[in-house]
Amino acid sequence: MPVTMTRGAFALPGTSLAFKTGTWRNTRPIHTHAAAPCHGACPAGEDQQEWLARLQEGRPREAWEALVAMNPMPAVTGRVCPHPCESACNRGQYDSPIAIHGIERWLGDEAIRHNWAYPLLDVPVRSQRVAVVGAGPAGLSAAYHLLRRRYNVVLFDAMPEAGGLLRSAIPPTRLPRDVVDKELGRILALGIEFRPRTALGRDVSLDQLRSEFDAVFLGVGAGKSRHWDVDGAVPADLHEGLGMLKEWLVVGALPTPNAVVIHGGGNTAVDLARVMRRAGVKDVHVVTASGLPGPDTEPDDVLNVVPRELEQAVEEGVVFHPHRTINRLIMRGSKVVGVEMVRLKKLPDGRGRKSRVSFEGTETVLHVDMVVPAIGEVVDPTGMESVLHGKDYIKTDRFGRIDGQAGLFAGGDARDWLKGLTGGTVSAAIGDGRRAAEAIDALLSGREAVEPVRPPIRYDRLNLAYYENRPRIPLPTLELEKRNDTDEIEGGPSGAQALAEANRCFSCGNCLACDNCWTLCPDNAVVKTTELASDGSHYVFDYDYCKGCGLCAKECPCGYIDMVPDE
Amino acid sequence: MIEVRIHGRGGQGNVVAAYLLATAAFETGRHCQAFPSFGAERRGAPVTAFVRIADVPIRRRCQVAEPAFLVVQDSGLLHIPATVDGLKPGGGVLVNSPLSSADLSAECGRPTIALPATALARDIIGKPMPNVALLAAFLTLTGILPTEALAKALAHRFKGDMLERNTKLIEAAAALVPAGAWRETAHA
Amino acid sequence: MTEPASLRSRQPRFRGLEAGHRACQGCGEALAARLVTESAGPDVILTNATGCLEVFTTPWPQSAWRVPWLHSLFENSAAIASGVEAALKAQGRRTKVIAMGGDGGTFDIGFQALSGMLERMHNVLYVCYDNEAYMNTGIQRSSSTPHAAMTTTSPPGKNRMGKRHMKKDLLSIIAAHHVPYAASASVAYPQDLRRKVRRAMEIEGPTFLLVHSPCPLGWGHDGTLSIEIARLGVQTGLFPLIELERGEVASVMPIRNPVPVVEYLKRQGRFRHLFSDGDHRAREEREHLQALADYNIERYGLKGDGDDPLDTDGADTVRRGGPART
Amino acid sequence: MLEALEGSQAIARAVALCRPGVVAAYPITPQTHIVENLSKLVADGRLETELVSVESEFSAASVALGASAAGSRAYTASSSQGILLMAEVLFNISGMRLPVVLTCANRALGAPINIWNDHADSMAVRDCGWIQLHCANNQEAVDTSIQAFRIAEATELPVMVCVDGFVLTHTLETLEMPDQKLVDAYLPPFRFSRMLDPKHPLSLGTLVGPEYFAETRQAHHRALLDSVGAILEADRAWQAATGRSCGGLLTVEGPEDARIGVLAMGSLVSTFEEAMEVLPGRKKAKLIKLRAFRPFPDEALRHVCEGLTDLVVVDRAISTGFGGVLGGEVRSALLEMKKAPKVHNVALGLGGRDVPMEMWPRLLAVPKEVEGFRILDLDPAKLEPADL
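Chains as they are written, first to last, in this note's numbering: chain A, 4 to 570; chain B, 1426 to 1613; chain C, 109 to 434; chain D, 1369 to 1756.
Below you can see the structure in the form of structure tokens.
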């Protein structure tokens, strides 16, 4: 039946809804939750964008809950992580990166202060038991994530306290011990059965554990210094870096030569250099094959150190010699009197693989009376022979699974991926522990382990017109003359600062709930929901009317909307 | 039916004169009609207006081609042939002029009543508007309506002092013309 | 329920212009009209000059409007609005009237009716959706078409470089009516636009809003770019955003970093001839348009003197949870 | 109450009695006195209305359109070029079915410019979809103005009340003005079913494509045809209230057995009525006064033409290149009669030329003199021979 003509051809309101302009469309907008670069770069697997979003909403507790769904110890990582998230932050290309670590630290401290409860997953309690060996970051993370999934977890450690290298290798000036005590205490208090002073190979054997438990995770760390010599020469009184640091941390003893060269480019080298400098050593040199952060250095060639630690070390008088190695020890008898350095760089070879090339004719000499190698550590093989097979590290896949050893998992510094930016950090160990927990859960539930991966968002997908230049919050640092061996050097932000800083987040790749698409759709084809839509955003495309103009995608500040061919 | 044509110049209150005359007739219970023959002319140009008075409703809407009476507000218009065109035989002509009726009649070669209407108006109402004086003289001459009817018509337009002075003007003008001189024509 | 159809009826904003209208993809005018009506409604009556907006919203038996709406002719939107307003006054109704038209219906053919409406102080907000040509008839030049722009009646050729004349300075003419409030706005700055609509709605008396509304078809750009181009129009200084009270400039949106006009021009087909290699006239006209932008910046003092949350960079800054109501 | 009033003043008073909500005013000779009088009534507090003094007739019509759509009784008036300037809007008002009332003080159209009466203006917009009613005298002008609102609001069609410029508008005459109470009883307050109202937000003035346009025209056409009933009803009700009729669609006077008819509109009818009575040696003829030009009352017309052998149709306008519009329309209407009278079409009184009573006998001679169409009161001496 045709419509009959109205008097004077008037029309009723909103009757255009009968006309579905969606049929005009060639491409349709869809929401694509891409990975923010911070998330992509985070070894622990945190989605910083997500918890910053909760903070933008003024909900710090929810922010913390989102954070600890990945990383149970933000108060620790907020202090010690070299925060590759900040290096990756798109804001860095715009003005300066978000001070993610500062906000993380504030959230961790807030959780401790308010005793916010760790949210466990709402799943049935599991009967299976899992043994976790090593109560360092990897082991703690594995234990926590297993407990979250309601497994029975027994955590073993040779030391009297949990923490691993958090206590043995990181100076309290970087990580105050009460923070470690409180945050780790809260994790253990969730119901992890902790068995201290129980060393693998001494007090308990791997076979024993494997027979008693449904799965075993090895987070034993790398406690043994890597062998070091220069053309076969080794000083008679050689001290290696990690051992010196541990001795200083535990008993307070530290040699004080006139001049020292530390060989290595990791946190151990830098921490030790700063401790020695503060202890009165006049000349402290760090020789490293890596480069200092800067335009001339490839990202994968930068010193693997928290950047601000590096700055502080320089401030304190440590002298860095980047892109160099020690070529020769100058000895007087068995005693070192100097080293000869040569410049080198990581360059691609004929097959495109990077290797170190030293440049003849660039040799220089440093006069020192002590040389300390800090070139890294390997796994102490005691009790681990069956999994090391004579290697320095345990070989695993990304879920910590050991080939041919069902039910046995490993992660953290003990596994063999220490190269590159993401390995060898507390955060990487935490990520390992979490993925291993997923793999263990998958194994014990008879399913495939999954680690959701989202495509990364490119900087040029953001619409920068919608952001303002806003300076990064300054974080307080203890003045040079006030620094000592115990007081924390770097301070955290205030709550107001943390919230303000969170508001700088671009929300890369995820909905900012800014209303732009809803505001700018000429066709009223974006509808808003005050509850969450199924994809977690607040907006729904009404494909009955969307003409596919693409304005929403173009004007989405976050790159959250993609135009795809219409079916 | 009495048909009157009023000649004047723009600005002399020609149309008003016609409307006043018709309204005066209406005030005595007669039927009336008055309308102008507007030109595109401005102030100073010759203007004609028409008045019909009857005891029955007036339906004809054509211009008055053969008036029984002419009221001429400006003696200069007498020199335009159109002014006296169609005047019925024995019709009366009333002219605003400072001359005597005799002199004026002699000058234009037909019986004409002259009234110094401008001077009267200037003296009594302070404005050189000849129309009310002429109408008063016209009513006096024809006797078709009492001059009180004109005063009533004026009361629609004026109040207070101005009305009083106009009433005086009516009396003064009426006194200057022979009452009933045109009575015969009026009843023809 | 997150089904679009059920959500639609529960939107946390007033819907003046409903979906299902037939504007082109990326239509700036449709967007502008949607923004204006949702800021003004629901207690409002619209009048609409003939033009795209009228055509694409009301093909009988459908209408996309959810507010009372009246269309009569190309040139009488202001006059029928005057009539509606007079009726409302006569009836003691407080409903506000908005008259709408494109630049053809406002700058040109409806100019007299608009002037009359302003002079008689009708309580009407007149909104001109300025897309700088007669788009409904297929892109002919209007007095609002910018200098050098190509339209079908100002084509470039051997003897011409697009439109010979300047864009009519309508706001100055509006200003000469000494109306309480007149302003320019852009779809690229929706918060600013909404604020200006609300401001005008609160004023008893005639007010005027000129909204720069890109036309992808007429300007020769992809519908995706409508906002970007509108934004550049403002940031170059070619379309200054200003507010006038009683004919005097009361405020402007400062330009934080003026953008060279070529950034605006090169994205639009209507200025394509200004980029033909080896034609000295092309360069000349580009410089001319830059000079016009510079003139605007100088005349209205558009150059900002520091970061300002309401300048061209700050005004569209987003925040989680949507824009704060200003 | 009987009063002696100028036509324009009487029309203004009649309009005021109808309590219009909005009056749009713009001057043009010879309509100006109407809006002047309305303005004075407003200034004196005797009329409460929104008087909008617009900047053109175009806007006057537009204001009336808007006001009517917004639910107010709306009125405006114009003449000649003003009607033409309104033309676009007039079509809109009727197409949107808005009950606006407009007085057209009929005047010739230029060029050459001429400010005097004929019907060229309302004829030029005869297809604009309005009801057009012509008035023979100022009493009818008063009565029709009031009836117009009743007709308009009953039919939701606009009504144009045509009064001859100067001949009626500038003539002071005796007429009966109804009182307010009577008009209020006759004309209830205006309630518009499609009023612009945010509570019921309709869209008026939509775009209609080929698939529906013919239907809009049919509906409009049907409404105009059916408005015959409303016109008759309004006149009957008026007669019941006042004792006066304006003659419905048309009236006929004269002896039953007359074989010649004269048909005219407007004030000419009035002159002819008198001429018919008073001129010596008159022939037997019927005088048909056509009051409703739109809707064109063809059926009623055929009825009154029964028994006539000749019908002289007097146009007061000319459709150059054709002849008299009225003549053409009457001719086509009578074609359907079994024994239709022969139609002779003349134009008279163009551009304000005086039509004396003596024209009546000439009209009666027309059947012998005029085939087709002729301007009857031409002075051949004033034309080049080639133009005759």
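Think of the CB as a built atom: it goes at the ideal place given N, C-alpha and C, for glycine as much as any other residue.
*asked:* If distances are taken between C-alpha atoms only, which option among Ile101(A), Leu149(A), Ala141(A) comes closest to Leu124(A)?
replied: Your numbering for residue 124(A) matches position 121 in the first sequence. Checked all of Ile101(A), Leu149(A), Ala141(A); the closest Cα to Leu124(A) is Leu149(A).
*asked:* So, for Leu1540(D): in the same chain, excluding its five sequence neighbours on each side, which residues have a beta-carbon less than 7 Å away from its beta-carbon?
replied: Translated into positions along the fourth sequence, residue 1540(D) becomes position 172. Ala1372, Leu1373, Glu1374.
*For Ala423(C) and chain D, any beta-carbon pair shorter than 8 Å?*
On the third sequence, residue 423(C) is found 315 positions in, with the first residue counted as 1. No, because no Cβ of chain D sits closer than 8 Å to the Cβ of Ala423(C).
*Spell out the partners DSSP gives Pro314(C) in its beta bridges.*
Your numbering for residue 314(C) matches position 206 in the third sequence. The partner list for Pro314(C) (beta bridge, DSSP) is empty, contrary to what the question assumes.
*Would you say Ala571(A) faces chain D, with C-beta separation under 8 Å as the test?*
The first residue shown for chain A is 4 and the last is 570, placing residue 571(A) beyond what the model contains.
*Of all the residues that make up the stretch 184 to 197 of chain C, which are near chain D by a beta-carbon distance shorter than 9 Å?*
Asn184, Ser185, Ala186, Ala187, Ile188, Ala189, Ser190, Gly191, Val192, Glu193, Ala194, Ala195, Leu196, Lys197
*Which whole runs of the beta strand (DSSP E) in the stretch 173 to 200 of chain A are 3 residues long or more, in chain order?*
196 to 198
*Taking just the CA atoms, how far does Ala1474(B) sit from Ser1462(B)?*
Along the second sequence, read from residue 1 onward, the residue named residue 1462(B) stands at position 37. Along the second sequence, read from residue 1 onward, the residue named residue 1474(B) stands at position 49. Their backbone Cα atoms lie some 6 Å apart in a straight line.
_For Pro1523(B) and Leu1446(B), what's the separation of their Cα atoms in angstroms?_
Residue mapping note: residue 1523(B) aligns to position 98 of the second sequence, counting from 1. Residue mapping note: residue 1446(B) aligns to position 21 of the second sequence, counting from 1. In a straight line, the C-alpha of Pro1523(B) is about 23 Å away from that of Leu1446(B).
_Let's test the definition: count the other Cβ atoms within 10 Å of the Cβ of Gln211(A) and tell me whether it reaches 16, buried, or not, exposed._
As a first step, residue 211(A) is located in the first sequence; it is residue number 208 there, counting from the start. Exposed, since its Cβ has fewer than 16 Cβ neighbours within 10 Å.
*Which partner residues does Ile115(A) have in the DSSP bridge list?*
Working through the first sequence from its first residue, we reach residue 115(A) at position 112. DSSP lists no partner for Ile115(A).
*Of all the residues that make up the stretch 117 to 142 of chain C, which are near chain D by a beta-carbon distance shorter than 7 Å?*
none
*Using a C-beta cutoff of 8 Å, does Met4(A) count as contacting chain D?*
Residue mapping note: residue 4(A) aligns to position 1 of the first sequence, counting from 1. No, Met4(A) does not count as interfacial toward chain D.
*Would you say Ala1490(B) and Met1426(B) are within 8 Å of each other, going by their C-beta atoms?*
Start at 1 with the first residue of the second sequence, and residue 1490(B) comes out as number 65. Start at 1 with the first residue of the second sequence, and residue 1426(B) comes out as number 1. No. Outside cutoff.
_Within chain C, partners of Leu446(A) - CB distance below 7 Å_ = Position 443 of the first sequence, counted from the first residue, corresponds to residue 446(A). Under the 7 Å cutoff, chain C gives no residues; its nearest Cβ is about 36 Å from Leu446(A).
_Residue closest to Ser448(A), alpha-carbon to alpha-carbon, out of Gly551(A), Asn29(A), Glu250(A), Gln131(A)_ = Numbered from 1 along the first sequence, position 445 holds the residue referred to as residue 448(A). It is Gln131(A) whose Cα lies nearest to the Cα of Ser448(A).
*Anything in chain C within Cβ reach of Pro1395(D), meaning under 8 Å, just list it in chain order.*
Sequence index remark: in the fourth sequence, residue 1395(D) carries index 27 (1-based). By Cβ distance, chain C contributes nothing, its closest Cβ being about 14 Å from Pro1395(D), past 8 Å.
*Taking C-beta to C-beta, are Leu1647(D) and Pro1729(D) nearer than 8 Å?*
Numbered from its first residue, the fourth sequence carries residue 1647(D) at position 279. Numbered from its first residue, the fourth sequence carries residue 1729(D) at position 361. In contact: Leu1647(D) and Pro1729(D) (Cβ atoms closer than 8 Å).
*Any C-beta of chain B sitting closer than 8 Å to the C-beta of Val1535(D)?*
As a working note, residue 1535(D) is residue 167 in the fourth sequence. Yes, Val1535(D) lies at the interface with chain B (some Cβ there is under 8 Å from its Cβ).
*Inter-stretch contact (C-beta, 8 Å, three-pair minimum) for the stretch 164 to 181 of chain C and the stretch 551 to 562 of chain A*: no
*Grab me the residues of Arg1590(B)'s own chain with a C-beta within less than 8 Å of its C-beta, minus the 5 sequence neighbours each way, in chain order.*
The residue given as residue 1590(B) occupies position 165 in the second sequence. Result list for Arg1590(B): Ile1549, Ile1550, Gly1551, in chain order.
*Should Met387(A) go down as buried or exposed, given a rule of 16 or more other Cβ atoms within 10 Å for buried?*
One-based indexing of the first sequence puts residue 387(A) at position 384. Answer is buried; the Cβ neighbour count reaches 16.
*7 Å CB neighbourhood of Ser510(A) in its chain, flanking five on each side removed*: Residue 510(A) sits at position 507 when you count from the first residue of the first sequence. These residues qualify, in order along the chain: Gln52, Ala56, Cys561.
*Residue interval of the alpha helix (DSSP H) (run including Tyr403(C))*: For this step, residue 403(C) is matched to residue 295 along the third sequence. Here the alpha helix (DSSP H) through Tyr403(C) covers 388 to 408.
*Measure the C-alpha to C-alpha separation of Gly414(A) and Ala439(A) and round it to an integer number of angstroms.*
If you number the first sequence from 1, residue 414(A) lands on position 411. If you number the first sequence from 1, residue 439(A) lands on position 436. If I take the Cα positions, the gap works out to 7 Å.
_For Cys135(C) and Gln119(C), I'd like the C-alpha separation in whole angstroms._
For this step, residue 135(C) is matched to residue 27 along the third sequence. For this step, residue 119(C) is matched to residue 11 along the third sequence. Rounded to whole angstroms, Cys135(C) to Gln119(C) spans 22 Å at the Cα level.
*Could you name the residues of the stretch 1546 to 1569 of chain D whose beta carbon sits closer than 9 Å to any beta carbon of chain A, in the order they occur along the chain?*
Ser1561, Arg1562, His1568, Pro1569
*Based on Cα-Cα distance, which residue from Arg1518(D), Asp1745(D), Thr1677(D) lies nearest to Met1725(D)?*
Counting from one through the fourth sequence, the residue named residue 1725(D) turns up at place 357. Nearest C-alpha to Met1725(D): Asp1745(D).
*asked:* At a CB distance below 7 Å, what residues from the stretch 1571 to 1599 of chain D approach chain A? Give them in sequence order.
replied: Ser1571, Leu1572, Thr1574, Val1576, Tyr1580, Glu1583, Thr1584, Ala1587
*Which residues does DSSP pair with Asp1683(D) in a beta bridge?*
Here residue 1683(D) refers to the residue found at position 315 of the fourth sequence. In DSSP, Asp1683(D) forms a bridge with Ala1715(D).
_Contact check, Asp526(A) vs Ala141(C), beta carbons under 8 Å_ = Translated into the one-based positions of the first sequence, residue 526(A) becomes position 523. Translated into the one-based positions of the third sequence, residue 141(C) becomes position 33. No, they are not a contact pair.
*So, is Ala409(A) buried or exposed, given that buried needs 16 or more other C-beta atoms within 10 angstroms?*
By 1-based counting over the first sequence, the position of residue 409(A) is 406. It counts as exposed.
*For Glu1757(D), three-class secondary structure by DSSP*: Nothing about residue 1757(D) can be reported from this structure: the residues present for chain D run from 1369 to 1756 only.
*Thinking just about the alpha-carbon of each residue, which of Pro63(A), Val339(A), Leu257(A) is nearest to the one in Ile329(A)?*
Stepping through the first sequence from its first residue, residue 329(A) is reached at position 326. Of Pro63(A), Val339(A), Leu257(A), the residue nearest in Cα terms is Val339(A).
*Indicate, with yes or no, if the ligand FAD has a heavy atom lying under 7 Å from the CB of Glu227(C).*
Looking for the ligand FAD in the displayed structure turns up nothing, as the structure carries no ligands at all.
_Host alpha helix (DSSP H) of Ile329(A) (start-end)_ = The sequence position of residue 329(A) within the first sequence is 326, counting from 1. Here Ile329(A) belongs to no alpha helix (DSSP H); instead the beta strand (DSSP E) covers 327 to 335.
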